[in-house]
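Single-structure report; data block below.
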Amino acid sequence: MLIGYARTSTQEQKAGLNGQIEELKALGCDEIFTEQVSSVDQREKLDEAIRFARKGDVLVVTKLDRLARSVPHLCRIIEALEAKGVGIRIVAMGIDSTTATGKLMLNVVGAIAQFEREMMLERQQIGIAAARDAKKFKGRVPTARRQSERVMQLLATGMPKAQVMKELKISRASLYRIVQEQTATVSWRSA
60 MLIGYARTST QEQKAGLNGQ IEELKALGCD EIFTEQVSSV DQREKLDEAI RFARKGDVLV
120 VTKLDRLARS VPHLCRIIEA LEAKGVGIRI VAMGIDSTTA TGKLMLNVVG AIAQFEREMM
180 LERQQIGIAA ARDAKKFKGR VPTARRQSER VMQLLATGMP KAQVMKELKI SRASLYRIVQ
240 EQTATVSWRS A
């Protein structure tokens, strides 16, 4: 059985996801798992696809970057699939791990992809440093802190902290940081 996996990083990339799904259908995938999450986030549908696969099946992806974020991650996926007797096919590269050449190519391509990602991150850091030097770099906008007032309002109503975090989509650390900062501001003003 051919099992397809399609992924895009954001919800806004509907066309990209639909394109992958259509390609996987055209290739004859009997089951297709899809998700829209960043490559660094937990990918539940990928895990589900791997659990679903049985001996003799082949997991099919359109491109390598839809599947793995690094060589170690790619190796873990391949190991999990091989342990189950499942192959992997990367359409854009013509790689099929059910062959010896395909396995070799998969490892080489994974190493190149990781190298390119590390080079991109290095170029990004150089760009950030240049922007800082030119006093043009502002950094990421702290999204949770912009909600400080709303956090304190909800807590003042008696809403449990877990519910506040869920409603405002902020982490536990952000919530406690906001409470600590707001409490210190109130204490300082009182003095």
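The numbering used here applies: residue 60 is where the sequence shown begins, and numbers increase by one. Yeah, the Cβ is synthetic: ideal placement off N, Cα and C, and Gly gets one too. Fair warning: this is a prediction, and the values are worked out from it, not measured in the lab.
Exposure label - residue i; buried when at least 16 CB within 10 Å
i: Gly146; result: buried
i: Gly144; result: exposed
i: Met224; result: buried
i: Asp192; result: exposed
i: Leu83; result: buried
i: Ile137; result: buried
i: Thr67; result: buried
Backbone CA spacing between residue i and residue j [nearest angstrom]
i: Leu213; j: Thr242; result: 15 Å
i: Leu118; j: Val96; result: 19 Å
i: Ser246; j: Ser230; result: Residue placement at Ser246 is flagged as unreliable, the pLDDT there being 47, under the threshold of 50; the coordinate-derived value follows with that caveat. Their Cα atoms are separated by approximately 24 Å.
i: Leu133; j: Lys162; result: 12 Å
i: Gln70; j: Asn77; result: 12 Å
i: Ala188; j: Arg176; result: 18 Å
Test item: CB-CB of residue i and residue j under 8 Å
i: Lys122; j: Ile149; result: yes
i: Asp89; j: Leu61; result: yes
Supposed close pair residue i, residue j - CB separation, criterion 8 Å
i: Asp124; j: Ala172; result: 7 Å
i: Glu94; j: Glu103; result: 7 Å
i: Val210; j: Leu227; result: 7 Å
i: Met152; j: Val168; result: 6 Å
i: Ala112; j: Leu86; result: 16 Å between Cβ atoms; not a contact.
DSSP bridge partner residues for residue i (one or two, in chain order)
i: Asp155; result: Arg148
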